[in-house]
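Working notes, beginning with the structure itself.
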Amino acid sequence: RLLPTLIGYGIDHGILKGNRSVLMNVALAYLVMQIIYALCEFSYIYFFQVFGNRILYFIREDLLLHVQRLPVRYFDKNPTGRIVTRLTNDIANLGELFSDSLANVLSQTFIIIAILVAMFLISPKLTAATLILTPPFLWINYQIGEKIRIILRESKKRLSTMNSFVTENINGIKVIQLYNRTERNLQKFSKFSNRYSESLLHSIRVYASMQPVMNLFNAVTISIALYYGGFLSQNNSLAIGSLVAFLMHVQDFIPPLREILEKFQQFQNSLTSAERVFQLFDEIEETSTSMSAPQPNKGQIS
Numbered sequence: 063r064l065l066p067t068l069i070g071y072g073i074d075h076g077i078l079k080g081n082r083s084v085l086m087n088v089a090l091a092y093l094v095m096q097i098i099y100a101l102c103e104f105s106y107i108y109f110f111q112v113f114g115n116r117i118l119y120f121i122r123e124d125l126l127l128h129v130q131r132l133p134v135r136y137f138d139k140n141p142t143g144r145i146v147t148r149l150t151n152d153i154a155n156l157g158e159l160f161s162d163s164l165a166n167v168l169s170q171t172f173i174i175i176a177i178l179v180a181m182f183l184i185s186p187k188l189t190a191a192t193l194i195l196t197p198p199f200l201w202i203n204y205q206i207g208e209k210i211r212i213i214l215r216e217s218k219k220r221l222s223t224m225n226s227f228v229t230e231n232i233n234g235i236k237v238i239q240l241y242n243r244t245e246r247n248l249q250k251f252s253k254f255s256n257r258y259s260e261s262l263l264h265s266i267r268v269y270a271s272m273q274p275v276m277n278l279f280n281a282v283t284i285s286i287a288l289y290y291g292g293f294l295s296q297n298n299s300l301a302i303g304s305l306v307a308f309l310m311h312v313q314d315f316i317p318p319l320r321e322i323l324e325k326f327q328q329f330q331n332s333l334t335s336a337e338r339v340f341q342l343f344d345e346i347e348e349t350s351t352s353m354s355a356p357q358p359n360k361g362q363i364s
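If you want it as structure tokens, here you go:
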């Protein structure tokens, strides 16, 4: 993300002064930085993918072992479909946190920090004026994210209910066909499926509201940077090359921020699945004492 700084330096010390050696050095410096960036990007993506898959492997094994040690009365209270959802769908969603969302958020955060430092080195005043609306913008998106998390939590419950119904139907398919209950069960399934689809559409509508807010923030920051930066340049407080570099930094500041916000929904989805997975881990296992005397159970899972 040093390209804008290099271009600004090349304009002020190369093009405006007619120094071709400066332009050559700038081009070579950019090429070397891109090679280093490509190597670093490959390394961290590979590391996080391997790290995330290993964690999921151990979580799946530990959770299955834990489920097999739960008391029989637990399975009487909780349908098989709900437990299967925890072992498969929820753990798969949790994998996005380690293998995709977390890696992207960390890398984009470092990029944002680097861009902010570069902007501050060019002009602290211009940086402060350009990013003055950042706190309220982040607060608005935080509120949207919290709403998405609540919706996704309800969506997971509805998915578990639907999976439980499907599992029970498959296990009792002989009885269903014997008493000709296929149409009635199909109607029940449609009801569960519609409720699940409604919750997903609700989360999509809320998530879609992030994009207009993002576009507005993008337009406002660039407008402020262009107006105030042009004012500083006219008063000889900021070189034209530095102004160009600053505007490019502002444009580079928006994509990683958008990337973080786009991953935020996946992050919320993973957190919701993590809550459900560790809720199952919290269930009390069967012991030699509990086998001879009944023990209180925590209740049903959703």
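This note's numbering puts the first residue of the sequence shown at 63, with every later residue one more than the last. The beta-carbon is built from N, C-alpha and C at its ideal position, and this holds for glycine as well.
Subject >> Local Cβ density within 10 Å of Ala287, reported as buried at 16 or more and exposed below that >> reply: buried
Original post:
So Met310 packs on Tyr258, CB below 8 Å; how close in whole Å?
Top reply: Between Tyr258 and Met310 the Cβ distance is about 45 Å, and since that is not below 8 Å, they are no contact.
Subject >> Residue range of the alpha helix (DSSP H) that includes Arg211 >> reply: Thr196 to Asn233
Subject >> Counted within 10 angstroms of its Cβ, other Cβ atoms place Ala89 as buried (16 or more) or exposed >> reply: exposed
Subject >> Contact under 8 Å by Cβ, Leu159 with Leu125 >> reply: no
**OP:** Less than 8 Å between the CB atoms is what I'm expecting for Phe199 and Val275, so what's the real figure, rounded?
**Re:** 7 Å
Subject >> Counted within 10 angstroms of its Cβ, other Cβ atoms place Tyr136 as buried (16 or more) or exposed >> reply: buried
Subject >> Arg82 burial status per 10 Å Cβ neighbour count (16 or more: buried) >> reply: exposed
Original post:
Going by other Cβ atoms of all chains shown within 10 Å of its Cβ, with 16 needed for buried, is Ser285 buried or exposed?
Top reply: exposed
Subject >> Nonlocal neighbours in the same chain, by C-beta distance under 7 Å from Arg338, ignoring five residues either side >> reply: Arg148, Asp152 and Lys218
Subject >> Pairwise C-alpha distance: Glu347 and Pro133 >> reply: 6 Å
**OP:** Would you kindly work out how many angstroms separate the C-alpha atoms of Ile184 and Ile121, rounded to a whole number?
**Re:** 48 Å
**OP:** Counting only the same chain and skipping the five closest in sequence on each side, list residues whose C-beta sits under 7 Å from that of Ser354.
**Re:** Its pLDDT being 44, under 50, Ser354 is placed unreliably in this model, and the coordinates cannot settle the point.
**OP:** With a 10 Å radius around its C-beta and 16 neighbouring C-beta atoms as the bar for buried, classify Asn298 as buried or exposed.
**Re:** exposed
**OP:** Evaluate Asp314 with the Cβ neighbour count: other Cβ atoms within 10 Å of its Cβ, from every protein chain shown; 16 or more gives buried, anything less gives exposed.
**Re:** buried
Subject >> N-terminal and C-terminal residue of the alpha helix (DSSP H) that Arg148 is part of >> reply: Here Arg148 belongs to no alpha helix (DSSP H), and DSSP marks it neither H nor E.
Original post:
Excluding sequence positions up to five away, which residues of its chain have a Cβ less than 8 Å from the Cβ of Ala190?
Top reply: none
**OP:** Apply the 10 Å Cβ neighbour rule to Ile97 and answer buried if 16 or more other Cβ atoms are within range, or exposed otherwise.
**Re:** exposed
Original post:
Three-state secondary structure (DSSP) at Arg131?
Top reply: coil
**OP:** Assign Ile238 to one of three DSSP states: helix, strand, or coil.
**Re:** helix
**OP:** Spell out a yes or no on whether the segment 259–269 and the segment 196–212 are touching, meaning 3 or more CB-CB pairs, one atom from each, closer than 8 Å.
**Re:** yes
Original post:
How about Leu323 and Asn203: are their beta carbons less than 8 Å apart?
Top reply: yes
Original post:
Taking the alpha-carbon positions, what's the Ser304 to Phe113 distance?
Top reply: 41 Å
Original post:
Cα separation between Asn247 and Gln205?
Top reply: 39 Å
Subject >> Separation of Phe293 from Ile302, as counted between CA atoms >> reply: 11 Å
Subject >> Assigned secondary structure, Ala301 (DSSP; H/G/I helix, E/B strand, else coil) >> reply: coil
Original post:
How would you call Ile175, buried or exposed, if buried means at least 16 neighbouring beta carbons within 10 angstroms?
Top reply: exposed
Original post:
How close, in whole Å, do the beta carbons of Gly157 and Glu230 come, if the pair is a contact with beta carbons under 8 Å?
Top reply: Between Glu230 and Gly157 the Cβ distance is about 27 Å, and since that is not below 8 Å, they are no contact.
**OP:** Return the first residue and the last residue of the alpha helix (DSSP H) that Ser285 is part of.
**Re:** Met272 to Gln296
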